[in-house]
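*Asks:*
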Amino acid sequence: MNPPDALPTISGHVLHVAVSTPMHSQLGDLLSYASSTPLPPGTLVRVPLGAREVLGVVWDAPSQPQPVAAPGRPVQLRAIAGVLEGIAPLDQHWRRLVAFAARYYQRALGEVALAALPPQLRDLDAGQLQRRLRRMQSAPAPENAIEKIAYSAEQARAIAEIEAHPGPFLLFGSTGSGKTEVYLHCIAQALMAEPAAQALILVPEINLTPQLEARVRARFAPALGDAALVTMHSGMTPAQRLKSWLAAHSGAARIVLGTRMAIFASFASLALIVVDEEHDASYKQQEGARYNARDLALWRGREQGAKVLLGSATPSLESWHASRPPTADDPQGGRYQRLHMPSRIGAGALPRVRIVDMGQQPRRAIFAPPLLAAITERVQRGEQCLVLLNRRGFAPVLHCHACSWKSDCPHCSAHQVFHKMDRSLRCHHCGAASRVPRACPACGNPDIAPIGRGTEQLEEHLAALLRNVIVEPQGRAARVARIDADTTRARGALEEQLAQVHAGEVDVLVGTQMIAKGHDFRRITLVAAVQPDGALFSSDFRAPERLFALLMQAAGRAGRDAGYVAAQGQPPEMWLQTWHPEHPLYAALRRHDWPAFAAQQLAERLGAGMPPFAHQALIRADAKSQEVAQAFLSAAADAARTAALPGLELVHLYPPVPLAVQRVAGVERAQMLLESASRPALQAFLAAWQALLHAERPRHRGLVRWLVDVDPQAI
Ligand code: ADP
Ligand code: ZN
Ligand code: ZN
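The sequence shown finishes on residue 867 if you use this note's numbering, and the numbering steps up by one all the way, no holes.
1. For residue 701, which of 253, 342, 430, 252 has the nearest alpha-carbon?
2. Express the C-alpha separation of residue 274 and residue 819 in angstroms, rounding to a whole number.
3. Assuming residue 594 and residue 555 form a contact by the criterion Cβ under 8 Å, report the distance between their Cβ atoms to the nearest whole angstrom.
4. Buried or exposed, going by whether 16 or more other CB atoms sit within 10 Å of the CB of residue 725?
5. What three-state label does DSSP hand residue 827 in the structure shown?
6. Evaluate the contact criterion for the segment 455 to 475 versus the segment 313 to 326: three or more CB pairs, one atom per stretch, below 8 Å.
7. Quick check on the contact list: which residues have their beta carbon closer than 6 Å to a heavy atom of ligand 2?
8. Along the alpha helix (DSSP H) that carries residue 331, what are the first and last residues, could you check?
9. Which two residues bound the contiguous alpha helix (DSSP H) that contains residue 607?
10. Using a 10 Å radius around the Cβ and a threshold of 16 neighbouring Cβ atoms, would you call residue 573 buried or exposed?
11. Does the beta-carbon of residue 571, which I'm using as the reference point, lie nearer than 8 Å to any heavy atom of ligand 3?
12. How should residue 418 be labelled, buried or exposed, when 16 other C-beta atoms within 10 angstroms of its C-beta is the threshold for buried?
13. So what's residue 456 in DSSP terms, helix, strand or just coil?
14. Cβ of residue 255 within 9 Å of Cβ of residue 194?
15. Mapping the DSSP letters down to three states, classify residue 301 as helix, strand or coil.
16. List, from N- to C-terminal side, the beta strand (DSSP E) runs of 3 residues or more that fit wholly inside the segment 571 to 650.
17. Whose CA, out of 306, 420, 316, lies closest to the CA of residue 239?
18. Since residue 784 and residue 775 are thought to touch, with beta carbons under 8 Å apart, how far apart are those beta carbons, to the nearest angstrom?
19. Please state whether the Cβ-Cβ distance between residue 566 and residue 809 is less than 9 Å.
20. Look up residue 858 in the DSSP assignment and say whether it is helix, strand or coil.
21. Tell me which residues pass a beta-carbon proximity test against ligand 3: closer than 5 Å to any heavy atom, given in chain order.
22. Quick one: grab the DSSP three-state call for residue 738.
23. Helix, strand or coil: which one does DSSP assign to residue 189?
24. What does the alpha-carbon distance come out to for the pair residue 364 and residue 234?
25. If you draw a straight line from the alpha carbon of residue 834 to that of residue 647, how long is it in whole angstroms?
26. Could you have a look at residue 173 and say whether DSSP puts it in helix, strand or coil?
27. State the CB to CB distance for the pair residue 858 and residue 849, rounded to an integer number of angstroms; the pair is presumed to be in contact (CB under 8 Å).
28. May I ask you to list the residues that DSSP assigns as paired with residue 480?
29. How should residue 473 be labelled, buried or exposed, when 16 other C-beta atoms within 10 angstroms of its C-beta is the threshold for buried?
30. Residue 868: which of 434, 197, 407, 501 sits nearest, CA to CA?
31. Mind checking whether residue 781 and residue 822 have CB atoms under 9 Å apart?
32. Give me, in chain order, the residues of the same chain whose beta-carbon lies closer than 6 Å to that of residue 481; leave out the 5 immediate sequence neighbours on both sides.
33. The beta strand (DSSP E) that contains residue 271, what's its start and end?
34. With a 10 Å radius around its C-beta and 16 neighbouring C-beta atoms as the bar for buried, classify residue 277 as buried or exposed.
35. Please look up how many angstroms separate the CB atoms of residue 257 and residue 442, rounded, as I've assumed it's under 8 Å.
36. Assuming residue 685 is part of the alpha helix (DSSP H), what are its boundary residues?
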């Protein structure tokens, strides 16, 4: 311990306080302040920082006492400005989580700690805070929250395993296999087992919270009261965020449902963490501390003895590998327990997959005739179809045939996308927008044309193709609608558009991956992916995994209501238009065979020494020129070799390369990949490297910033 009395110039107690300092600042992780009273670690305080007063968290004393003053020179520590009364200190589980995340993702402790707190904590005075706190009250233990439904044999087995073992668990269940029912059961169990227990449910996207929230609320509000369930996501107002945060921290909330940020909530007594759609890339934060909430959930669960339940129909290959069952060669098996629920319950069978060879179709057909016929037939019978294309806008580029001018973004190494609705050219990377020119800006040719297609064009084209189709029994014209980032910009727009689909006002829904995930459409019986091939040959080794997951999820939107499908009489279908009908990915998809696809991908990754068999980090540099960005990365690598950093012999540093989209908003971007079979070696290397990177930075004029991404999702 660090006895404060040993420092003669300071009256009272020395506190080590985490405050939000930018990672590149020269300040250390913790700042020292004086306090007239001792305050336990975790106490929320206001402290002076420069001319400002900021929020801080009293931290554990460093194990190595830090020199507070140079010998012989008296130092006056600044005193803390105040304590946030009435809020219990953040417990050691929370502090350990924050400290781990900061260390693992190579960020400052204070930055991670303060980013994890609701911003409004800073702004409220003592009186306002007291009023907020008084409104909190804790919920009783549920007595009857366990639904009296008959579980399927697969569900019953999964539930029994989860009760009997510590986990973590990977619930591998088809869409509609009843995973959510298993989550709800386990939550009820956890809450009943202990009067103060809390559960955290993570979902990948805000869009998916309202549906699940309604379901959780319907299940638990009767027994626990409405206040026992709170949500946490970035779409909330600061006041709502504070309210949810206080409810979780005080224990008044028994269930927290949130997006990735919720993994950093403070809990009074966390007993269970559910990570739904655990494979989803949205769990990875893409700025600041680039944490993965799924991975932190596993860490947090282990650290504080909370059960962790991951669920997916298409698990990440990391989780799949970590949950491999024991075999003769591998008697230990993986670290997670895999639970398999292959059968759909509420829904009927998974849709039949039909692969259309575009090489055999009329040239330039956007919809192959058999697909168009199938859509038409379904629509005529009043069924709904979903058409998926992962590119929004009308066309990805405008082109002049006379001089080969293209609608390039002036600030990025990317084309500006043609949006017909408002006749604009918009860059999807930097947002730069301009009006569509009347003639070619380079040669004056009035005949400039779009190349390729996006959802906007697909919607228009399909509406034209279905112009004369009549929907029975109403006898009205078929209606095509589109849902993507462009149509849902306004608040509430997505809900409104989904409501129209649910109400049956839309016959064919065109959209991006936004509509493939999670939504419970009751009358969709046909799903089509019109151009899925792009990801097959991507430079990102995770692209096939993502494509397979997306297509499986999209397939899961079809035939969700077994009763409806039976009444209509035609089994649900998933159509794929491809130029590579023999590709093994599609062959596995046709059989809905995730295990086969995963085995093939894992074999490839093992051979190539890629995750999950190796661990990666990226260092990225943004600069005025590509040369400067790459020079910084090369110099940083050289410095690491010269200094013989710990772990270096086990870490492979690849040469710097430009990013796939090399220039964005006038800034050149380069990255360097680091790979190691040993996670500890990579971690030791990265930690030691920080100081060298900071030291290297001033030598590179024109360098805008650098950052480290540990376990990157996209290479
Ligand atoms: P998943 O989360 O795997 O997609 P859900 O839990 O949402 O699956 O279940 C799909 C549908 O089946 C839901 O409408 C749900 O209410 C219903 N369901 C789940 N389990 C059962 C069961 N044991 N008996 C009857 N219906 C069930
Ligand atoms: Zn031209
Ligand atoms: Zn741009």
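Heads up, the beta-carbon is just placed ideally off N, CA and C, and yes, glycines get one too.
*Replies:* Here's the rundown:
1. 430
2. 34 Å
3. 5 Å
4. buried
5. strand
6. yes
7. 552, 554, 555, 557, 592, 594, 595, 597
8. 331 to 345
9. 607 to 617
10. exposed
11. no
12. buried
13. helix
14. no
15. coil
16. 576 to 578, 585 to 587, 600 to 603, 632 to 635
17. 420
18. 7 Å
19. no
20. strand
21. 561, 563, 564, 579, 581, 582, 584
22. helix
23. coil
24. 40 Å
25. 44 Å
26. coil
27. 7 Å
28. According to DSSP, which records beta bridges pairwise, residue 480 is partnered with nothing at all.
29. buried
30. Outside the displayed span of the chain (153 to 867) sits residue 868, for which this structure offers no information.
31. yes
32. none
33. First-last for residue 271: undefined, no H or E at that position.
34. exposed
35. 6 Å
36. Here residue 685 belongs to no alpha helix (DSSP H), and DSSP marks it neither H nor E.
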